[in-house]
Every structure is written in structure tokens, then in C-alpha cells.
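Enquirer:
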Amino acid sequence: MQAAMHNMTKVVQDKVSPTHNLPMSINCDGPVNAMDMNKDMSKVVVAGRQVFKIIEVEDDMFVETSNLRVGKPKNINLNYSAADVAWNHNDENMLASAATNGAVVIWNLSKQVKSKQEFVFMEHKRSVNRVVFHNSEAYQLLSGSQDGTMKLHDLRRKQVTLTFMGRSSESVRDIQFCPANLGYFSFAAAYENGIVQIWDMRRPDRCEKHFTAHNEPVFALDWHPEDKHWLATAGRDKMIKVWDINKQPAQLLYVVQTIASVGRIKWRPQRRYHIANCSLLLDHNVNVWDVRRPYIPFACFEQHKDVATCVLWKDPHILLSTGKDYMLHQHIFQSAKRPGDFVIPSGVDISIHGDVCLAYKERTAAVKGKEAGKISMFGRKTSQSRSELFFTQANSSLAVFQQIAEPNTEDEFAAQQMSPTQLASEDVSMTSFLELAKKYRLKGLTTEELCRHNSAAAAAVDKYQVAQTWQIMGNIFCTKTSSTKSTSLQVPRINVTPNAPMDRQDVEKGKAVSSPDNEVEVVRSDNDKEKNGEISTGTDSDSDGESSEFEKNQLADIASGLGHNGDFFFGDGDNETLSYPLGITVQGGEDWTQLPSEAFQPRHEITGPAAPPDRLDHDSLMVAAVESDAVAVMTPIEESEPSEQYLNLNIDCSAFHAGTVLDYTSTAVDIICCFAEQGDIQSAVSMLIVLGDHVRSHIDGESQENWFMSYIDLLSRFRLWTIASEVIALSHLPQVMQLNQSSTSIHTACPHCMRTMERSGWLCDRCKSVVNMCSICHCPVKGLAVWCQGCCHGGHIQHIQDWLVGNILCPEGCGHMCEYT
Amino acid sequence: MVSVISSVDTGHEDMIHDAQLDYYGTKLATCSSDRSIKLFDVSSGQQVPIADLRGHEGPVWQLCWAHPMYGSVLASCGYDRKVIIWKETNGSWDKLYEYSNHDSSVNSVCFAPHELGLVLACGSSDGSISVISTTGDGNWDAKKINNAHTIGCNAVSWAPSTSPNALFDQGARQQPAKRFVSGGCDNLVKIWREEDGQWVEDQKLEGHSDWVRDVAWAPSIGLPRNVIATCSQDCRVIIWTNDGTSNHWTSRVLNKFSDVVWHVSWSVTGNILAVSGGDNKVTLWKESVEGQWTCISDVNKGQGQITDQRSSSVEPNYNTRRRLDL
Chain A
1 MQAAMHNMTK VVQDKVSPTH NLPMSINCDG PVNAMDMNKD MSKVVVAGRQ
51 VFKIIEVEDD MFVETSNLRV GKPKNINLNY SAADVAWNHN DENMLASAAT
101 NGAVVIWNLS KQVKSKQEFV FMEHKRSVNR VVFHNSEAYQ LLSGSQDGTM
151 KLHDLRRKQV TLTFMGRSSE SVRDIQFCPA NLGYFSFAAA YENGIVQIWD
201 MRRPDRCEKH FTAHNEPVFA LDWHPEDKHW LATAGRDKMI KVWDINKQPA
251 QLLYVVQTIA SVGRIKWRPQ RRYHIANCSL LLDHNVNVWD VRRPYIPFAC
301 FEQHKDVATC VLWKDPHILL STGKDYMLHQ HIFQSAKRPG DFVIPSGVDI
351 SIHGDVCLAY KERTAAVKGK EAGKISMFGR KTSQSRSELF FTQANSSLAV
401 FQQIAEPNTE DEFAAQQMSP TQLASEDVSM TSFLELAKKY RLKGLTTEEL
451 CRHNSAAAAA VDKYQVAQTW QIMGNIFCTK TSSTKSTSLQ VPRINVTPNA
501 PMDRQDVEKG KAVSSPDNEV EVVRSDNDKE KNGEISTGTD SDSDGESSEF
551 EKNQLADIAS GLGHNGDFFF GDGDNETLSY PLGITVQGGE DWTQLPSEAF
601 QPRHEITGPA APPDRLDHDS LMVAAVESDA VAVMTPIEES EPSEQYLNLN
651 IDCSAFHAGT VLDYTSTAVD IICCFAEQGD IQSAVSMLIV LGDHVRSHID
701 GESQENWFMS YIDLLSRFRL WTIASEVIAL SHLPQVMQLN QSSTSIHTAC
751 PHCMRTMERS GWLCDRCKSV VNMCSICHCP VKGLAVWCQG CCHGGHIQHI
801 QDWLVGNILC PEGCGHMCEY T
Chain B
1 MVSVISSVDT GHEDMIHDAQ LDYYGTKLAT CSSDRSIKLF DVSSGQQVPI
51 ADLRGHEGPV WQLCWAHPMY GSVLASCGYD RKVIIWKETN GSWDKLYEYS
101 NHDSSVNSVC FAPHELGLVL ACGSSDGSIS VISTTGDGNW DAKKINNAHT
151 IGCNAVSWAP STSPNALFDQ GARQQPAKRF VSGGCDNLVK IWREEDGQWV
201 EDQKLEGHSD WVRDVAWAPS IGLPRNVIAT CSQDCRVIIW TNDGTSNHWT
251 SRVLNKFSDV VWHVSWSVTG NILAVSGGDN KVTLWKESVE GQWTCISDVN
301 KGQGQITDQR SSSVEPNYNT RRRLDL
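Quick note, the sequences are listed as chains A and B, same order. Just so we're aligned, residue 1 is where the first sequence starts under UniProt numbering, counting upward by one. Just so we're aligned, residue 1 is where the second sequence starts under UniProt numbering, counting upward by one.
1. Starting from A:Q468, find everything on chain B with Cβ-Cβ shorter than 7 Å and list it in chain order.
2. Look at the alpha carbon of B:K82 and the alpha carbon of A:V196, and state the distance between them as a whole number of angstroms.
3. Give a yes or no on whether the minimum CB-CB distance between B:L74 and chain A is below 9 Å.
4. Whole angstroms is fine: what's the gap from A:Y326's alpha carbon to B:V73's?
5. Count the other CB atoms, across all protein chains shown, that sit within 10 Å of the CB of A:P73; report buried if there are 16 or more and exposed otherwise.
6. Counting contacts by CB-CB distance shorter than 9 Å, is B:S220 in contact with chain A?
7. If I measure Cβ to Cβ from A:Q753 and keep anything under 7 Å in the same chain, skipping five residues before and after, which residues do I get?
8. Excluding sequence positions up to five away, which residues of its chain have a Cβ less than 7 Å from the Cβ of A:S710?
9. Cα separation between A:I259 and B:V42?
10. At 9 Å on the CB atoms, spell out the chain A contacts of B:E57, in chain order.
11. Would you please verify whether the beta carbon of A:S346 is less than 9 Å from any beta carbon of chain B?
12. By DSSP, does A:V466 sit in helix, in strand, or in coil?
13. Taking 9 Å as the CB-CB cut-off, is A:Y360 touching chain B?
14. Which residues in chain B have a C-beta closer than 7 Å to the C-beta of A:H353? List them in chain order.
15. Curious, which full-length alpha helix (DSSP H) runs of at least 4 residues does the region 80-153 of chain A contain?
16. By Cβ distance below 8 Å, which residues in the same chain neighbour A:W243 in space, the five residues on each side in sequence not counted?
17. What does the Cβ neighbour count give for A:Y360, buried or exposed, with the cut at 16 atoms within 10 Å?
18. Helix, strand or coil for A:C653 per DSSP?
19. Counting only beta-carbon separations shorter than 9 Å, does B:W262 have a partner in chain A?
20. For B:W158, which residues of its own chain have a beta-carbon under 7 Å away from its beta-carbon, when the five flanking residues on both sides are left out?
21. Could you tell me whether the Cβ atoms of A:K788 and A:V771 are closer together than 9 Å?
22. I'd like to know whether the C-beta of B:N242 is nearer than 9 Å to at least one C-beta of chain A.
23. Nearest to A:R130 by CA position, among A:F185, A:A676 and A:N33, is which residue?
24. Strictly under 9 Å for the Cβ-Cβ distance: is A:D542 near chain B by that measure?
25. Would you identify the three-state DSSP class for A:N277, choosing helix, strand or coil?
26. Taking the alpha carbon of A:F298 as the point to measure from, which residue in A:A668, A:V685, A:R271 and A:G794 has its own alpha carbon closest?
27. Hey, how far is the Cα of A:T322 from the Cα of A:D36?
28. With a threshold of 16 other CB atoms inside 10 Å of the CB of B:V253, please say whether the residue is buried or exposed.
29. Just to confirm the assignment, what range does the beta strand (DSSP E) spanning A:Y191 have?
30. What is the DSSP secondary structure of A:K438, reduced to helix, strand or coil?
31. Going along the chain, which unbroken runs of the beta strand (DSSP E) with 3 or more residues stay wholly within the region 724-798 of chain A?
32. If contacts are defined as beta-carbon pairs under 8 Å, then A:E449 and A:F477 qualify, I think. What distance do you get, rounded to the angstrom?
33. Mind checking the region 668-680 of chain A against chain B and listing, in chain order, the residues whose C-beta falls within less than 7 Å of any C-beta there?
34. Interface residues of chain A around B:L205 at Cβ under 7 Å?
35. Using a Cβ cut-off of 9 Å (strictly closer), state whether A:M473 contacts chain B.
36. Go ahead and label A:W721 buried or exposed: buried means 16 or more other beta carbons lie within 10 angstroms of its beta carbon, across all protein chains shown.
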């Protein structure tokens, strides 16, 4: 949009501006202080300390026509060095220059001799800063000097006719006549103390207006070419100010902030709000500002290599400038750099919480309105002002897209109904990360219990894939745990047979919800308590055999009813059997009733044909089903062979297990790595911690350290210091664990020399003396020491304790009533 | 879950060029053409103004927060050729350091990963990049890469300190890899590496056909590779990836937008990219398992669009909108 508008501006300007003008430049052989143009703008005079030349402006080049700095070298004095120069507006051959020795020199170009110097006024006591011809009165020349006076010279009588002097003797830095059509007799003067005065030529005794424009010296001022009430001033304070001087007191209309002290300013013809400036130092550019947008230049010319000293508008599209770099440049406005176009109009950031914050350029309705108004009122000029309008209408808005607390997802189909946007924001949001960081349990239970707990936690925040993975992890590694600890929790992936008691079935439904999209059916046939007992005892007897590991898998929901004390279950009755699952949920710390209810939905599989009742009685079969399905979930393609074994596993289950046990570990490792690669460092690290020794050795230490460091860093960003500390402690990596061991020592200071005692608490290395001796036994205290905060006496904790039983005063005898908390 | 859009009336008088949230996401800093930097406390969900930092003498282009281990430190750069580092002490913000050794507008600032110390890179329109560092005792040291990008440098972004290849290069582990990426007006993306205390060009990535406007090195949280997102005036966003072991970078165009793309920004975990363009939209992108980048969200940020969303209150996710006037 912006670019398009810019292009349009260019097209418009191409039509409007004369096409034959080219950017051009000439080297003036010396630093140029000032320049002026003749009336028809065909010639330029450039003046400086060592330069005084007339240069003709041709279509495609500058041509030096005459050098005024001529004559015998001994005759060339300070009069030839100019601080300012002015070309008479009416007499083509008359020039005036201001010299630093206080001279005002009149030059006549029509003189036939080499030296064109006509007359020298030596009225000023100090250097002259500015000379200006009256716009209409050809023989009136006004000069302003460092000595605080302004003098009106009559060039016909060759004498000073009037002297204007402000109330103070502050130096005059700039004077400018009001444009002839606006105020014939008025001129403005700028002073070094920040004062600007408006004078009437007819009243030399006092000024018309007087106001403080700047707090620092005013270096330049310029009357608006069209609006006689507008006066621009600029100074060392780096500001260009536009005043309405018709108001009393003068009213400040606009302030432009530049980046350096302003040397010269010049309004752009035919553009009400545009003003060009050059700086005294630092900034070598010639900038054109739109006063309505005071912070960024509208256009910028970067040709000068040293500070530019003077700017002049030839017409609205052509700007001349001179500089300390010896150069006179003609700039074509069309080719100016437009800083506004290179400005980045937007900013975007994602916060740690997933909030997206962006600043963007505002398109206000005001733009359209103004535009419409201009079209009807000014016709042709509209297109020109459009670029200005777009330039000045530069407001930004800032919006924050926030992630707020998760809405109530009690709705069964919430997951299905979620719009893409919601899912997207879920991706960015770190809410679930926070929740999980707090809810995950990383220690204190068996691996399987932890997996189960964490699975439920992940499911609670709708991270179903993560939840599923936790379950798989639990499945894979529960067997190893159970063979050693004899206690395990069954993962909630259970389908009961129709002949199981109804209430038990309901309970297990509740457990199954955390795996809504991936059902693994375990066929169970615990018709009676004798069967249960048989299973349990079977496990006991085969605890060293591989087959027992399978059985544990499905035994879990029976055995775990006995809690974590490692006893085996021998069923006593139906009632007890029914209550076991409830016991599990309590122990796991995750109440199944809190699981999301939408997960009930996939329960249609419960009636599926996966578990024909006629095969139910065999324990081995149902165990195999657990394992094979778990494998199928993780690696659906490679591990498809268990489906073949589904029926005959009761025969060959040990062989099956022996062949695949290693695969599980590597699969688990793959899963963890996969999470890490997806940037889910939380799952990767948590699984790494929970699975611990099972997988640790299979992942290279550097990666692990990297993950841990990343996760710890993330946790600290959320200020979860406690959790970060726990993760550090559980990392098993020395490089990570040392994080918790840094900055944990406090050294006491020697009471004599105040030097910290780093070697021990009782010997000062510098004093070579034993300090902090026990007040009771007068021996150095090498173990636990205690001392009174009041008198600083103390000693062995046991000694002090004994002392205080019978005394209240300090054992040292200082008379202090010692207080110990 | 729910996107609540809150418009912040910043009180800036001109265009806002950057908005940055700090490490903990509690403070928001904005900078504008009006020479000011404004800070807001956003921890409560509301935007409470904290401070108005004035010190720049021209438009302020970009901001960067330092890691909190150095305190509340903010860097800013602007048209006045200055880089100012601000620090909060007892609730008041003051200049900590001012760097003014550039010859033109400074367009970009970026703090290095905290492991490298308080180090700052800044890219300028004068084509050079400065790397400013402090030893902590108040002394600052600057290294300048001259002519890094002809015409000008627009953006810099540091590589995460634990870059993936360090994992395999045991020898280099002791000294974290110091690298950053820059983009400039020469349409190039360059990667710089510190070697014996000097900054040398590591890679030159060619792919854009116009000025590169922003570069962003993805945080490598567990990621086994280097990922850089760049956006350009040519309306394209390019994702550059490197496997972490070789020196070869592959490019993939994320998307060609209909307008200039101004900014790219990675989420904390480095798996989501926010892209903001000239069409006043921000889009969120995520890489699928197959390596394809898909747009997962399309949030309009134009005022009119927001109004539309509010009116369609059927969608529960936009039914609340807060406008906070500060």
C-alpha cells in the first residue's frame, strides 16, 4: 500500500517537475560559506574564506564564469573572504558580501577591471554575519553583525542611513526581509541569546515584536513565502520552530526536531509545510521537513561529504546547496531519499506466554476525508498533496493478542469444534507448558506410576499426543520396574469383558479416557477371585522368567490394589476386587473423575469385536494383546507382526518378548529425540527424567545437557524456580547439577582485619591468628558454631547450650544478656 | 486458547517502529518516530505505563531487552546514529551507556545470548555492524565490522549460544560459538563468526531480490539444526536451515506475500514464526513433520478487521475485546 502510494507520487512528480533538470555539482576549490542566486536564477555566487566565484547554472552542468578573488596577492585581504553573500534582486551586477573583519563589501560585476570590488563599508566593529538586499528597493542593503547592530546601507549615497540596535548588545546571527508582497518594511532578526525580533524599517528606535524563540542561540530564520504570519527559526538547540507572529505573544505552531544544530533553513516554494535545512555540524545531509511530521525528514539529500552550509530553492523541485566539502550541488527533489519510505512501520514480538504483540501503521478515516476534501477544492493539486498526506498521517496502533485462561471445555465435542484459530493459538500459547511444568511428577513414584500421572496431566491440558506417549512409555518400562519392585499400576488402557461386573467396567472406562484416540484393548477374564489369585501367584513363582513381565502388565490393575508396599495380591472377595481401581487413582494422585469427559467418546470400541468372549480364559493371550497393541501404537508399520501373533502368543510369548525388548528402548529414545526436535523440550526432558536409567545411556550426553539447559532456561523464564531446581537435581548430568551448587558458600570475615576467611572459619590467613574461639572452652570451633548476634560471643553449640541452662549473661563476661533463637 | 485482542493506546505521537516484550513477558517496550521509548507493565493483563525514556534525538527504530541476569536493561537505536543502553535502578530508568560511533542511522540492535556476557550487536545504514560489549566494570568495548552490507544493514540477530554444531565439536565447547546473522540493503543475508577476537564473514546467503528487512535466528531448544528466518522487501520470507555440522545452508521460501514483509519473530520454543507485513496482518507459521511450513493462524491487525471479528460474536473466541486507554 505504502509502496504503491510512493510510486504514484513519483509518477505525479514526473509530470509536474521539469524533466530536463539533472543533479549536478561543481568543486569550488575551497569551503563555501554562503551562496546566492541572481534574479533569474541563471547564476550562483559562492563565497567562502578562500572562494569567491560566479558560477553559471546551465541545463546539465555548472560552469565557473568568473572568480572575484583576483588581484595581486598582497592586496587580497579579509575583504575577499566572505561569511555571507547576497545578490541584488534588482541590479543584476550588484553583489554584497559580509566579511569577518566587520566590512560589508559591495561588488559591481559590470566593472571592466579585474577587481570588481566597488565599495567597502567599515561601519561594523565585529564580523558581519548576514547581508540582505531589500526585495524591491534596489539600493537598500541591511547587514547584521556580531557587534549587536543592524545597519541599513544606502548604496547610492554609500553611507549607513539607519542603525537598529536591540535592547541588549547580543550578536545578530540572521536577518531576513519579509517577502515584498507580504510586508514591505518588515524584517526579522535573530539573536545569539535566543531572541527573535521583528522590526519596521521606518522605526529604528524600537522593534515591533520581541520574543524568545529558543533557549540557545538562533542561527537562522526564514519568512514563509506565502503566509506573512509564519516565521521559522532554528538554532543550536537542534530545533526548527514555526511561529505565528501575528499572535501576541507569538504562537508556536510546529517544532521540528533535527539531530544537530541547525545552520540554515529555507521554506520550499509552493509547499506550505515544507522547509529545508542544513546543519552546522555532525549531519552532512540537507533535509527537507514537513513541519507536521516533526521527527523524520520528508526528503533527504546525502551528497555532501562535509557539513552543508547554505541551501537555496531554485524552484520547488530543484534545490542548491553548498558545503564545507568545496561542493556546490544541484539536487532534484524527485531523486531525494525519502526516509519515511524506509521506515519500518510495524513491530511484532511473541512473548514468553505466547502473547503476540504488534505495532502497525494506522490508516485513519481522517486520511480519506481530507483527501476527498482536497479533490473537490483544489483539483489539480490533490495528487501532489497526497504523498504529503500519507507522509504526515503516520500514527501507529499497538495491539496485543493475548492468550487467556483456557475456557471451560466440559463440552464433549470441544476438541472437535475447535476452530483452526484456537488450535493455532494453542500452539503459540505457553499455558499448557506452565500447567504441565507444575503438574508433572518427576520422582517419588515408580516409573510406571509417574508415566501414568503425567499422562493424565497432559491429557488434562488437551495434549493428547503427549499423554499417549506417556502411556506408551509407561507400558514399555513398567515391566522392568515391576519385575524388581513387584508393584506397578496398569495403564488405563483396559477393556473389560462383558462378564466382568458392571460397576467395575464403569470405573475402568473412567481410566481409559486419557487415551481417546488410541485404544488398546486388554481382554480380561477375572470372573472370580480364584482366577485372580492364580494370576498373582503365577507371577510370584515366575518372577525371574520373562513371561512374568508380560503378566505383570495386565496384573497391574489387580496387584496395585495392594498399594505401593510391594505385597502380592491374593484376592479375598469380589468386593475388594471392585475397589482396587479406586485405590489406584488415589495413589496416583490423579482422580479419574477429573479427566476430560470428552474422552468418553471413543468408547464405542468397547462393544467391538476385538475381544471375542470364547477366547477370554487364557491369561497369556490377554497379556500379549497389551504388548502387541502398545507396539502397534508406537510403530504401526514396522511392528505389524504382533497382529499375527495375536492368536498364538500364548504359545510363543517368551520368544516374542525376547526379540523386541531392545526395540522398545530404542523406540523410546527415538520418541524422546523426536519431541526434542519438535521443540517440545518439556516432554523430552520430563520423559528423560522419569525413564531415567532406561534411556539415559542411549542418548548422548551433550544433547541431554542441551535439552536440560534449554528446559531449565525456559522454566526460569516463567519464574518456576522450584521446578527448575528439581529438574536440575534430577538431571544426573554433572554439568547441569553443578548449577545448583554454585554460589552456595558464605565465608565469615575475620573480626580483626575484616578479610573473608576462605580456608576455614577459625583461622585468619592474614592475621595468622585463631579467631572466634569458644567462650566456654577457649578452643577453636571446628564444627557447628553458634554466637550471639548482640555481643558476637559464642562457641560450640553444645557448650553454649549447657551454659544457658543456668545463666543468662554472656559466658565471655561482657555482661550482655545473650539471646539465641 | 482464546485470543483476546487488546489495543494499547501508547500515547506515541508518531509511528511506532518496534514493540518488544521482555524475558519474562511482563514488560512491553515500544519505540516511535517521536523519539521516545515507552515502557508498560503488562503482567496484570493490563498495560500500565511505567516509564517514558527520552534521550534519542531522532526516531527510535528498534529495541532489545537484555537477559535479566544483567538487570532490567534495554537497548535502543535510532536515526540519531546512537545506540543507548538503558538500565533500571530502583524503579528509575537511566542511560547506562551511549554508543555513537556510527555515521548514519542505526537500524537494528540485538543482545547476544546471556552466556556471552552483556554483548550487543547493532547494524547501521552506514553499512557497518558494531559489536559492543562490557566487562561489567563500566567499561565498554566496541568492535566494528566495516562495510558489512553496502548501502546499509537493516537487521541483526544472534545465534543461540548452544548452537547445535557445538554438540559434536567437543573442542569448541568451552567457548560458546559467537555468531550472528545480518541482513542488508545489498539483498544479502550474512552470517558472522568471531575468530580470534575478530569478526569474520562465515556465510553469505543469497536469495532475496530486494532489501532484507529482518532476520531472526531461531532459538535452538532441542533443535538439532540452525534455522534462520529472513524477510525482505521482495515480499518473501525465506527459511534457511543448516544441519549444524556442515557449512551448507539450504533455503526454502516460506511464502510470497502480497506486500512487503517487515518483521519475522520466533516464538520462545523456536517452532512458530510470526510474520508481519505491509498488509497490516500478522501470520503465524509452523513447520509440519514433513518440513512444510503452514500458516496456522491469520490474525488481522487492521482496525476494521477487528471490528468485524467483534461483531461476529458467534465465534466465541473473539467475543471479548478490551480497549485500554492509557
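Don't be surprised by glycine CBs; every beta carbon is placed ideally from N, CA and C.
Expert: In short, the structure shows the following:
1. Neighbours of A:Q468 on chain B: none; closest Cβ ~16 Å, over 7 Å.
2. Taking the straight line joining both Cα atoms gives about 32 Å.
3. B:L74 does not count as touching chain A.
4. Each residue's alpha carbon lies about 44 Å from the other.
5. Under a 10 Å Cβ-count criterion, A:P73 is classified as exposed, with fewer than 16 other Cβ atoms of the shown protein chains found around its own Cβ.
6. True, the Cβ-Cβ gap to chain A drops below 9 Å.
7. According to the sequence as given, residue 753 of chain A is Cys; it is not Gln. Excluding sequence positions up to five before and after A:C753, its CB lies within less than 7 Å of the CB of C764, R766 and C767, all in the same chain and listed in chain order.
8. Scanning its chain for C-beta atoms nearer than 7 Å, with the 5 sequence neighbours on each side dropped, one finds around A:S710 the residues I681, in chain order.
9. Computed Cα separation, rounded: 32 Å.
10. Within chain A, the residues near B:E57 are K238, Q257, T258, I259 and A260.
11. Interface residue, yes.
12. Secondary structure at A:V466: helix, using DSSP grouped into helix, strand and coil.
13. It does: the Cβ of A:Y360 has a partner Cβ on chain B nearer than 9 Å.
14. Below the 7 Å Cβ cutoff, chain B contributes G25 as neighbours of A:H353, in chain order.
15. The qualifying runs do not exist here; there are none.
16. Hits under 8 Å: V196, F211, A213, W230, L231, A232, T233, A250, Q251, L252 and L253.
17. The C-beta of A:Y360 has 16 or more other C-beta atoms within 10 Å across all chains shown, which makes the residue buried.
18. Summary for A:C653: the model assigns pLDDT 40, below 50, so the residue's position carries little reliability, and this model does not support an answer.
19. So yes, B:W262 belongs to the interface.
20. Same-chain partners within the cutoff: C110, A112, P113, A121, F180 and W217.
21. For the sequence presented, residue 788 of chain A should be read as Cys rather than Lys. No, they are not a contact pair.
22. Using a CB distance cut-off of 9 Å, B:N242 does not count as an interface residue toward chain A.
23. The shortest C-alpha separation from A:R130 is found at A:N33.
24. Here A:D542 scores only 42 on pLDDT, less than 50, and its place in the model should not be relied on; the value that follows carries that caveat. False, the Cβ-Cβ gap to chain B never drops below 9 Å.
25. A:N277: strand per DSSP, three-state reduction.
26. The shortest C-alpha to C-alpha distance from A:F298 to any of A:A668, A:V685, A:R271 and A:G794 is the one to A:R271.
27. Taking the straight line joining both Cα atoms gives about 10 Å.
28. Flag for B:V253 reads exposed.
29. Membership of A:Y191 in the beta strand (DSSP E) is indicated by the continuous run S186 to Y191.
30. In the displayed model, A:K438 falls within a helix according to three-state DSSP.
31. The qualifying runs are 785-787 and 794-796.
32. 11 Å between Cβ atoms; not a contact.
33. Along the region 668-680 of chain A, the positions whose C-beta sits under 7 Å from a C-beta of chain B are A676, E677, Q678 and G679, read in chain order.
34. Those within 7 Å of B:L205 in chain A number zero; the least Cβ separation is about 21 Å.
35. Not an interface residue.
36. With fewer than 16 other Cβ atoms within 10 Å, it is exposed.
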